[in-house]
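Read through the structure below, which is laid out as structure tokens, and then see the notes.
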Amino acid sequence: MNLLLQIWRSSLGKKYIMALSGAGLFLFVIGHLVGNLQFFLEPAAINRYGHFLKSTPEVLWPARLGLLALIGLHIVSALRLTAENKAARPEQYQAKVAPKDASLASRTMAMSGAIIASFIVYHLLHFTVQTPQVNFTGTDFDQLYEPNSGGADIYAMIVCGFSVWYVSLFYLISIGLLCTHLGHGVAAMFQSLGLRNHTWAPRIATGARVAAILIFLGYASIPVSVLLGRGKEYAKRIQSGVSPDKAGSAIKAAKGVEK
Amino acid sequence: MKVTLKVWRQKDRNSPGELKSYQSPELSPNMSFLEMLDVVNEHLANQGEDPIAFDHDCREGICGTCSLVIDGKPHGPHKGIATCQTYMRSFKDGDEIVVEPFRAKPFPLIKDLVVDRKAFDRIQHAGGFISVRTGAAPDANAIPVPKENADLAMDAAQCIGCGACVAACKNASAMLFVSAKVSHLGLMPQGQPERYRRVKAMVNQMDAEGFGSCTVTGSCEAVCPKEISIDFIARMNRDYLVAILKGDPKAVRGGGAG
Ligand code: HEM
Ligand code: FES
């Protein structure tokens, strides 16, 4: 307990918390991306994957709570450190020049972080909670069923969701900010944990930037491909089967006929 | 050449300060920035005005006493040079130059451009030392030191403790300074006995003084007159992590062989 208190009280201790929770979130972002890229396979692939993720609550909920804890630790230590940093310079310089050699990404970490956090809230309402009011399509994503299995149709949901251009734009902006956040943050994580020296410094800096750009391209490819027309026909077919009262029963009836 | 100075004037810590404009007399481009201030001050004194207070001592870039944020950059426009070695030839005739004090809560202002940097001394006192036995001088080179460690320790030992890193950092963090002091002793065999106690004590003192913390922007190493590298901050972070994981030494009980 004493050790935890010591870590929390010290500036470097909070940097360790930021770095470790950030590392965990970075791994999640990679895993989530790899899962999402199944969007480029046939619709059944990502639907099966979505079903797999949701099928075991004993794994799903610990993972969700773990992620929530990481986000919580990351944000709380960020807020505390930012407050301390602000307090350390009560009087600003009059000469309005940016701090020497500090990249834009490094100077805007708190801002990019805050926007990413609000994006996560939206994203969860959009695709996980599936609040109909935030998707602006007039369709309840909860009511999209895959014809063959009768399970939730995640593929159709993604297509519907991203066919609203301003929703896609918000995703692209947020992913862009995630890219700048990670481009600086991943390199800083090595620095904060002391895992960096003059041999590794250039590799870490380049590696972080390359990873951030790949993550951006990977995530951006999905809304962009939807805007370019991917899955339009399929989603229309699924959507046309939607009607609050009959969708579920109709599909079940259809399945019964098949048998 | 002539320049217009916009200088931060503040009578003392509790009076409000402001930027004031001064037209310099005719200057030689080969004057140092501090000599230029001397000339301006002489002019002010002759007119019965209070001269501009600024810090200086060696004027050859080795003591770390000079400070000043010149046009938003500590120690002026050049890389790897202190204010005292910045020359007027780096500016153009008719330039307007904004001169401000180092700004950080742990560096309280004393007057005009002079700030109190004793926080750095207190950090040094907390752990920036090694224990040596008095007596006859030991043989030179009796303790082998790997060349690369000796070189790195010398790089860190270049730090003159001026505080430009704090002044430049958007978080007013002193981590470049503290990491240089931690590293230059921690890299040498003579510094090993206190290595982990040192890093803990110095970092804790740094926190107690109210400095911010590093967000790896790199401004500190960009303005450092001795070009200390932020690689030393990684080294300090590593040592501090080991130090807190090791925990405090086991309490010593009384008794024993006596
Ligand atoms: C094009 C970009 C993205 C797509 C298509 C996408 C898609 C999805 C989908 C479909 C779900 C719901 C999974 C389900 O419940 O079946 C989900 C959940 C989630 N996404 Fe994304 N996502 C994207 C970008 C991101 C980014 C950039 C982040 C992080 C910063 C993120 C963080 C999350 C989180 C935290 C969850 C909740 C996981 C859980 O169920 O506990 N997503 N995403
Ligand atoms: S006056 Fe000594 S370093 Fe500038």
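First to last, the sequence lines map onto chains E and L.
When we follow the working numbering, the leftmost residue of the first sequence carries the number 206, and every step to the right adds one.
When we follow the working numbering, the leftmost residue of the second sequence carries the number -3, and every step to the right adds one.
Glycine included, every Cβ here is placed at the ideal spot set by N, Cα and C.
**Item:** Cα-Cα separation between L/GLY13 and L/GLU96, rounded to whole angstroms
**Value:** One C-alpha to the other measures close to 11 Å.
**Request:** Just mark L/GLY90 as buried or exposed, buried being the case when its beta carbon has 16 or more other beta carbons within 10 Å.
**Result:** Exposed, because fewer than 16 other Cβ atoms sit within 10 Å of the Cβ of L/GLY90.
**Message:** I'd like the list of long-range same chain contacts for E/GLN444, defined as Cβ closer than 8 Å, with 5 residues on each side in sequence excluded.
**Reply:** Excluding sequence neighbours, E/GLN444 sits near THR344, LEU349, ALA361 and CYS365.
**L/ILE58 vs L/ILE126 beta-carbon contact at 8 Å** = It is not a contact, given that the beta carbons lie outside the stated cut-off.
**Prompt:** What three-state label does DSSP hand E/PRO304 in the structure shown?
**Reply:** Taken through DSSP and simplified to helix, strand or coil, E/PRO304 comes out as coil.
**Asked** In angstroms, rounded to a whole number, what distance separates the CA positions of L/ASN10 and L/VAL162?
**Response** So the two alpha carbons sit approximately 22 Å from each other.
**Message:** Quick check: does the Cβ of L/GLY76 come within less than 7 Å of any heavy atom belonging to the ligand FES?
**Reply:** Because no heavy atom of the ligand FES lies under 7 Å away, the Cβ of L/GLY76 does not count as near it: no.
**Request:** For E/LYS464, count neighbouring Cβ atoms within 10 angstroms of its own Cβ and tell me buried if that reaches 16, exposed if not.
**Result:** Its pLDDT being 36, under 50, E/LYS464 is placed unreliably in this model, and the value from its coordinates should be taken loosely. A residue is called buried when at least 16 other Cβ atoms come within 10 angstroms of its Cβ; E/LYS464 does not meet this threshold and is exposed.
**Prompt:** Using CA coordinates, which residue listed in L/GLN43, L/GLN120, L/LEU1 and L/ILE66 is at the minimum distance from L/ARG193?
**Reply:** With distances taken between Cα atoms, L/ARG193 lies closest to L/GLN120.
**Request:** Answer with yes or no whether the minimum CB distance from E/LEU232 to chain L is below 8 Å.
**Result:** Chain L contact via Cβ: absent.
**Message:** Distance cutoff 8 Å, beta carbons only. Does L/LYS101 sit that close to anything in chain E?
**Reply:** L/LYS101 has a beta carbon lying within less than 8 Å of a beta carbon in chain E.
**Prompt:** From E/ALA322 to L/HIS52, what does the alpha carbon distance come to, in whole angstroms?
**Reply:** Going from the Cα of E/ALA322 to the Cα of L/HIS52 covers about 48 Å.
**Asked** Hey, is L/GLY157 close to the ligand FES, as in C-beta under 7 Å from one of its heavy atoms?
**Response** No, since every heavy atom of the ligand FES falls outside the 7 Å radius drawn around the Cβ of L/GLY157.
**Request:** Output yes or no for whether 8 Å exceeds the beta carbon distance between E/ALA293 and L/LYS114.
**Result:** Cβ distance not < 8 Å, so E/ALA293 and L/LYS114 don't count as in contact.
**Prompt:** Is L/ALA168 closer than 8 Å to L/PHE207 when the C-beta atoms are compared?
**Reply:** Their beta carbons are under 8 Å apart, which means L/PHE207 touches L/ALA168 by this criterion.
**Message:** Measuring only the C-alpha atoms, how far is E/GLY236 from E/GLY423?
**Reply:** Here the C-alpha atom of E/GLY236 lies approximately 12 Å from the C-alpha atom of E/GLY423.
**Message:** Rounding to the nearest angstrom, what Cα-Cα distance links L/GLY124 and L/VAL174 in this structure?
**Reply:** If you take the alpha carbons of L/GLY124 and L/VAL174, they lie about 9 Å apart.
**Prompt:** Are the region 208 to 224 of chain L and the region 184 to 200 of chain L in contact at 8 Å, needing three or more beta carbon pairs?
**Reply:** With a cut-off of 8 Å, the region 184 to 200 of chain L and the region 208 to 224 of chain L do not count as touching, because too few Cβ pairs lie within range.
**Request:** Within 10 angstroms of the Cβ of L/ALA41, are there 16 or more other Cβ atoms? Answer buried if so, exposed if not.
**Result:** Of the other Cβ atoms in all chains shown, fewer than 16 fall within 10 Å of the Cβ of L/ALA41; this residue is therefore exposed.
**Item:** Start-end ranges of the alpha helix (DSSP H) lying completely within the region 220 to 273 of chain E, minimum 4 residues
**Value:** Within the region 220 to 273 of chain E, the complete alpha helix (DSSP H) runs of at least 4 residues are 248 to 259.
**Item:** C-beta contact flag for L/ARG231 and L/SER179 at 8 Å
**Value:** In contact: L/ARG231 and L/SER179 (Cβ atoms closer than 8 Å).
**Asked** Any heavy atom of the ligand FES within a distance shorter than 7 Å of the CB on L/CYS210?
**Response** For the ligand FES, not one heavy atom lies less than 7 Å from the Cβ of L/CYS210.
**Asked** So, does the CB of E/VAL364 fall closer than 8 Å to a CB anywhere in chain B?
**Response** The structure shown contains no chain B; the protein chains it does contain are E and L.
**Prompt:** Near E/THR342, what residues of its chain come up, given a Cβ to Cβ distance below 8 Å and the 5 sequence neighbours on each side ignored?
**Reply:** Hits under 8 Å: CYS365, GLY366, SER368 and VAL369.
**Request:** Quick one: grab the DSSP three-state call for L/TYR83.
**Result:** Three-state DSSP puts L/TYR83 in a strand.
**Message:** Using a Cβ-Cβ cutoff of 9 Å, what residues of the region 291 to 309 of chain E are near chain L? List them in chain order.
**Reply:** For the region 291 to 309 of chain E, the residues whose beta carbon sits under 9 Å from a beta carbon of chain L are, in order, LYS291, ALA292, ALA293, ARG294, PRO295, GLU296, GLN297, TYR298, GLN299, ALA300, LYS301, VAL302, ALA303, PRO304, LYS305, ASP306, ALA307 and SER308.
**Prompt:** Under a three-way DSSP split, which group does L/GLN19 fall into?
**Reply:** When secondary structure is reduced to three states using DSSP, L/GLN19 falls in the strand class.
**Asked** How many angstroms separate the CA atom of E/SER311 from the CA atom of E/ILE409?
**Response** Using only the alpha carbons, I get a separation of about 15 Å.
**Prompt:** Which of helix, strand or coil does DSSP assign to E/ILE280?
**Reply:** In the structure shown, E/ILE280 falls within a helical segment according to DSSP collapsed to helix, strand and coil.
**Message:** Residues of the region 221 to 239 of chain L in Cβ contact with chain E at a cutoff of 9 Å, in chain order, please.
**Reply:** If the cut-off is 9 Å between Cβ atoms, the region 221 to 239 of chain L has SER225, ILE226, ASP227, ILE229, ALA230, ARG231, MET232, ASN233, ARG234, ASP235, TYR236, LEU237 and VAL238 near chain E.
**Asked** If L/PRO70 sits next to L/ALA160, beta carbons under 8 Å apart, how far is it from one beta carbon to the other, in whole angstroms?
**Response** Taking C-beta atoms under 8 Å as the contact rule, L/PRO70 and L/ALA160 qualify, at a distance of about 4 Å.
**Request:** Assign L/GLU14 to one of three DSSP states: helix, strand, or coil.
**Result:** DSSP, read as helix, strand or coil, puts L/GLU14 in strand.
**Message:** Per DSSP, what are the beta-bridge partners of E/ARG285 in this structure?
**Reply:** As far as DSSP is concerned, E/ARG285 takes part in no beta bridge.
**Asked** So does L/ILE58 have its beta carbon nearer than 7 Å to some heavy atom of the ligand FES?
**Response** L/ILE58: yes, Cβ under 7 Å from the ligand FES.
**Where L/GLU255 sits in the DSSP three-state scheme** = Since the first residue of chain L shown is -3 and the last is 254, residue 255 of chain L is not available in this structure.
**Request:** Taking only heavy atoms of the ligand FES into account, decide whether any of them is closer than 7 Å to the Cβ of L/THR61.
**Result:** Flag set: Cβ of L/THR61 near the ligand FES.
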